[in-house]
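Residue numbering for the sequence shown follows numbering that gives the first Met the number 0, starting at 0 and increasing by one per position. Reviewing the structure listed below.
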Amino acid sequence: MIVKYLLKVAMLGSSWVMYLLLALSVASFAVMVERWWFFRKRGTGGDELCDALIDLLEQGDRTAAEGLLQRHASIEAEVLLASLRWAQGGPDALAAGIDGEMTKRRRELESGMTLLGTLGNNAPFVGLLGTVIGVIVAFADLAEGSNKIQMDKVMGGIAEALIATGVGLFVAIPAVVAYNVYQKKITDIEDNVGSISKRLSALLAAVGTFEESPAPGPVDALKVAAESFRDLARTNSSPRLPEAEADAGAEE
0 MIVKYLLKVA MLGSSWVMYL LLALSVASFA VMVERWWFFR KRGTGGDELC
50 DALIDLLEQG DRTAAEGLLQ RHASIEAEVL LASLRWAQGG PDALAAGIDG
100 EMTKRRRELE SGMTLLGTLG NNAPFVGLLG TVIGVIVAFA DLAEGSNKIQ
150 MDKVMGGIAE ALIATGVGLF VAIPAVVAYN VYQKKITDIE DNVGSISKRL
200 SALLAAVGTF EESPAPGPVD ALKVAAESFR DLARTNSSPR LPEAEADAGA
250 EE
């Protein structure tokens with residue numbers, strides 16, 4: 000009973016599979032273009048950013064360091080700028096803050112990656128489904144007659160069915176390549192953030208703080224002069240040394 004119902008469904012043809020693969024292909028290429036633009040704009044943080052940031056913080060110029068991060072459009076700069084506020088808690092607090100900010104932004108980094116991975120793994124099977132349905136329809140037509148016209152129809156149906164497999168591979172191969180490329184970019188960003196986190200933690204442990212040293216206040220000339228006169232008066236009013244008194248007695 001169930002075989003008959005399934006056969007009726009299969010006899011509807013494999014055209015819907017082709018339309019499905021076409022829609023998946025459009026979605027796949029849309030995600031590829033969007034991820035390419037995203038990483039082109041925000042995937043440029045690396046060793047140069049890290050070295051410049053370390054130099055500024057080592058010099059005690061936190062304002063310039065924050066300005067550098069604000070001008071940089073990379074994910075690394077965004078993570079580090081949001082994490083510097085934890086520096087006052089020490090190296091462990093800074094490292095934990097960077098890890099938390101990176102976890103917060105991982106969803107943005109991995110946007111669309113699930114679709115690319117799913118299409119790369121399953122699009123060939125969708126195409127194979129279309130091929131199987133096409134073959135079922137072809138053999139059903141073959142069962143209806145054996146003349147040459149019917150055989151030509153069967154061969155044409157099988158050839159059409161095999162196209163579905165080819166379209167499935169056409170969707171899957173670019174998706175797999177894009178998935179691997181963008182996954183490598185995500186790994187590079189995570190490695191950059193991890194490297195900068197360790198270097199910043201080491202620097203913080205060495206210098207103690209990233210806060211700027213307060214500038215010296217203006218000199219109070221009157222106060223300095225008063226203290227000088229006070230010291231001079233104290234010196235003049237001090238008692239003579241015992242040696243000086245002994246010398247005075249000897250002269251008498």
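Ideal placement from N, C-alpha and C gives every residue a C-beta, glycine not left out.
Taking C-beta atoms as the reference points, residue 67 and residue 52 count as a pair closer than 9 Å. Here the alpha carbons of residue 121 and residue 164 stand approximately 12 Å from one another. Listed in chain order, the non-local C-beta contacts of residue 30 below 7 Å within the same chain comprise 111, 114, 115, local neighbours out to five positions each way being set aside.
In this structure, residue 189 and residue 101 form a Cβ contact; the two beta carbons are roughly 7 Å apart against a cut-off of 8 Å. With at least 16 other beta carbons inside 10 angstroms of its own, residue 130 counts as buried. Residue 192 sits close to residue 75, with the two beta carbons spaced by under 9 Å. In this chain, the alpha helix (DSSP H) harbouring residue 69 covers 61 to 70. Taking a cut-off of 8 Å for Cβ pairs, the segment 90 to 101 and the segment 191 to 205 touch, as three or more such pairs fall below it. Non-local C-beta neighbours of residue 24 in its own chain, meaning closer than 6 Å and more than five positions away in sequence, comprise 170, ordered along the chain. Membership of residue 102 in the alpha helix (DSSP H) is indicated by the continuous run 90 to 108. DSSP places residue 37 inside the alpha helix (DSSP H), whose first and last residues are 14 to 41. The Cβ atoms of residue 17 and residue 157 lie no closer than 9 Å to each other.
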